[in-house]
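Enquirer: Residue numbers (the UniProt record's numbering): 1 to 300.
The C-beta atom is built at its ideal place from N, Cα and C for all residues, glycine as well.
1. Can you have a look at residue 122 and say buried or exposed, based on whether 16 or more other CB atoms are within 10 angstroms of its CB?
2. Within a Cβ cutoff of 7 Å, which residues of the same chain sit near residue 7, ignoring the five residues on either side of it in sequence?
3. Do the stretch 104–115 and the stretch 176–188 meet, that is, are 3 or more Cβ pairs less than 8 Å apart?
4. Compare the C-beta of residue 242 with all C-beta atoms of chain D and state if any pair is closer than 8 Å.
5. Return the CA-CA distance between residue 141 and residue 207, expressed in angstroms with no decimal places.
6. For residue 101, does the count of other Cβ atoms within 10 angstroms reach 16, so buried, or fall short, so exposed?
7. Quick one: is residue 233 buried, meaning 16 or more other Cβ sit within 10 Å of its Cβ, or exposed?
8. Identify, in the order they occur along the chain, each residue of the same chain with its Cβ nearer than 6 Å to the Cβ of residue 247, setting aside the five sequence neighbours on each side.
9. Buried or exposed, going by whether 16 or more other CB atoms sit within 10 Å of the CB of residue 192?
10. Ignore the nearest five residues each way along the sequence and tell me which others in residue 64's own chain have a CB closer than 6 Å to its CB.
11. Which residues in the same chain as residue 173 place their Cβ atom closer than 7 Å to its Cβ, once the five residues preceding and following it in sequence are excluded?
12. Around the Cβ of residue 29, are there at least 16 other Cβ atoms within 10 angstroms (buried) or fewer (exposed)?
13. I'd like to know if the stretch 220–234 and the stretch 258–272 are in contact, where contact means that at least 3 CB-CB pairs between them fall below 8 Å.
14. Are the beta-carbon atoms of residue 94 and residue 47 separated by less than 8 Å?
15. Rounded to whole angstroms, what's the CA-CA distance from residue 20 to residue 149? Just pull it up for me.
16. Could you work out which residue in 258, 96, 147 and 276 is closest to residue 76 when comparing CA atoms only?
17. With distances taken between CB atoms, is the gap from residue 105 to residue 58 smaller than 8 Å?
18. List, from N- to C-terminal side, the alpha helix (DSSP H) runs of 4 residues or more that fit wholly inside the UniProt domain "HTH araC/xylS-type" (199–297).
19. Whole angstroms is fine: what's the gap from residue 285's alpha carbon to residue 295's?
20. Which residues does DSSP pair with residue 48 in a beta bridge?
21. Quick one: is the Cβ of residue 276 within less than 7 Å of any heavy atom of the ligand MN?
22. Between which two residues does the beta strand (DSSP E) holding residue 137 run?
23. Mind checking who residue 36 pairs with in its DSSP beta bridge?
24. By how many angstroms is the C-alpha of residue 137 removed from the C-alpha of residue 78?
25. Give the C-beta separation of residue 282 and residue 152 to the nearest angstrom, bearing in mind that I take them to be a contact with Cβ-Cβ under 8 Å.
26. Whole angstroms is fine: what's the gap from residue 226's alpha carbon to residue 84's?
27. Which whole-angstrom value is the C-beta distance of residue 262 and residue 256, which I expect to be below 8 Å?
28. Are the beta-carbon atoms of residue 200 and residue 236 separated by less than 8 Å?
29. What number of angstroms, rounded off, separates the C-alpha of residue 183 from the C-alpha of residue 135?
30. Express the C-alpha separation of residue 82 and residue 132 in angstroms, rounding to a whole number.
31. Indicate the three-state DSSP secondary structure (helix, strand or coil) for residue 113 in the structure shown.
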């Protein structure tokens, strides 16, 4: 293993262990886009929706299910999610002696585009072929060093965090854009590309997930035929627009149930279901138990 990479990895783990000792959960840091996931044992598969983000494993390994495909990535490898991408994830390697340590940096495609404009103002091309919305690669020291500096900022005074963290975030995006991942990010951030149009469709569904989905209006909104919308949406997210909306609704329902005791029918209507019984069936199918049982378990 490259000594410089190992140095960065250990520095980041040291900061996490000092700031969040004995933590065994998701942790939001003082830097808004930066969070960590810590676990001392393997997990079962869990349904999630990735935000646009860079995710890397500092220690341990994870499986990521995307549609019918399964990916495994481990320490010193990273995942890029171009937009809100549904997946099933499972921590494979984790123990009390060697806990799982994961790091996530969220970003906006607007931020990517701002860096893209300055890096390649002439070379940017409009690519009309869509690809899946996840990208995997190996970390290198040019990317790891600014990530390590960002994490180490957490132990500095707040004024340093506020001033320096946006600059380091730009450096990280700059490095990603100038790497193999640059082409991938370009396709999703550039106005007019097929992938960018699908990102807009995803945002539209996400912002109105509890309303009835009108495919005709959605296709018109992104200037694409219904058949092309369906085909490219499934390529990027692994789901149809309707399946994606259902996943968002059920994930939101799960969040509501975890926050407080609430009537199941009320939750169903709030997330857009007309039938509480249909909601309960689909919730049980996704999460392995009906919402009523899950609510009891969460607030036992």
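Expert: From the atom records:
1. With a pLDDT of only 41 at residue 122, under 50, the local geometry of the prediction cannot be trusted, and the value read off the model is given with reservation. Flag for residue 122 reads exposed.
2. none
3. yes
4. Checking the listed chains, one finds no chain D in this structure; it contains a single protein chain.
5. 37 Å
6. buried
7. buried
8. 86
9. exposed
10. 71, 87 and 89
11. 107, 111, 112 and 115
12. buried
13. no
14. no
15. 18 Å
16. 147
17. no
18. 215–221, 226–237, 241–259, 264–270 and 276–287
19. 16 Å
20. 87
21. Looking for the ligand MN in the displayed structure turns up nothing, as the structure carries no ligands at all.
22. 134–138
23. 27 and 103
24. 6 Å
25. Actually they do not touch by this definition, with Cβ atoms about 44 Å apart.
26. 20 Å
27. 6 Å
28. no
29. 11 Å
30. 9 Å
31. helix
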